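In our numbering, the protein residues as written are 43 to 190.
C-beta atoms are modelled at their ideal positions from N, C-alpha and C, and glycine is treated no differently.
It should be emphasised that the depicted structure is a prediction, and the values quoted were computed from it without experimental measurement.
Right, one structure below, let's go through it.
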């Protein structure tokens, strides 16, 4: 079983497979290089520097879940049962796509100073020093992170 996406849905899927007695191999693939983490704390604890990234409290090794982090999914070849990734092809018997969503970029905002996206741990790390010197902000978005 290959699960693409190391966010909440992907992690919970991999864990649930083990909890429900699945004994075959489970591989969790995530595009980010970081240990899988919860995104909502990015807008508070991570930005304030009071959290070390909010990694999920899951012992992947004990659950026999293989992590392939920093590995971006590029395409699926269903007829061949192969997932193409930045780390090479990954064969699968069953495939779960739990990649989540990408933030909508405001038209014309690319490259504009002072406009930032907040979806990943790396985004939060880049934004933290900006917020240390700039206290007036506008948040556009009402997803989990924007609403927090």
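Inset, instruction - Report back the beta-carbon spacing between residue 48 and residue 84 to the nearest angstrom; my notes put them in contact at under 8 Å. - result: For residue 48 against residue 84, the beta-carbon gap comes to about 15 Å, at or over 8 Å, which does not count as contact.
Inset, instruction - May I ask you to list the residues that DSSP assigns as paired with residue 139? - result: Within the DSSP bridge table, the entry for residue 139 names 46 as partners.
Legend entry - Local conformation of residue 178 per DSSP, three classes: In this structure, residue 178 counts as coil in the three-state DSSP scheme.
Inset, instruction - Could you name each continuous alpha helix (DSSP H) segment of 4 residues or more that falls completely within the segment 109–175, going from the start of the chain to the end? - result: Restricting attention to alpha helix (DSSP H) runs no shorter than 4 residues, the segment 109–175 encloses them at 163–175, ordered along the chain.
Legend entry - Where the beta strand (DSSP E) containing residue 70 begins and where it ends: Run containing residue 70: 68–72, per the beta strand (DSSP E) assignment.
Inset, instruction - Check whether the Cβ atoms of residue 160 and residue 182 lie closer than 8 Å to each other. - result: At a Cβ-Cβ threshold of 8 Å, residue 160 and residue 182 do not count as neighbours.
Inset, instruction - May I have the straight-line CA-CA distance separating residue 145 from residue 43, to the nearest angstrom? - result: Taking the straight line joining both Cα atoms gives about 28 Å.
Legend entry - Residues near residue 77 in its chain [Cβ-Cβ closer than 6 Å; skip 5 each side]: The residues are 97.
Inset, instruction - Check residue 184 in the structure and name its three-state DSSP category. - result: Reduced to three states, the DSSP call for residue 184 is coil.
Legend entry - residue 56 - partner residues in DSSP beta bridges: Its beta-bridge partners do not exist; DSSP assigns none.
Inset, instruction - Measure from the alpha carbon of residue 46 to the alpha carbon of each residue in 185, 128, 87, then state which is nearest. - result: Taking each of 185, 128, 87 in turn and checking the Cα distance to residue 46, the smallest one comes out for 128.
Inset, instruction - Give me whichever residues DSSP pairs with residue 97 in a beta bridge. - result: BP columns for residue 97 point to 79.
Inset, instruction - Would you decide whether residue 81 is buried or exposed? Buried here means 16 or more other CB atoms lie within 10 Å of its CB. - result: Classification of residue 81: buried, given that the 10 Å Cβ count is 16 or more.
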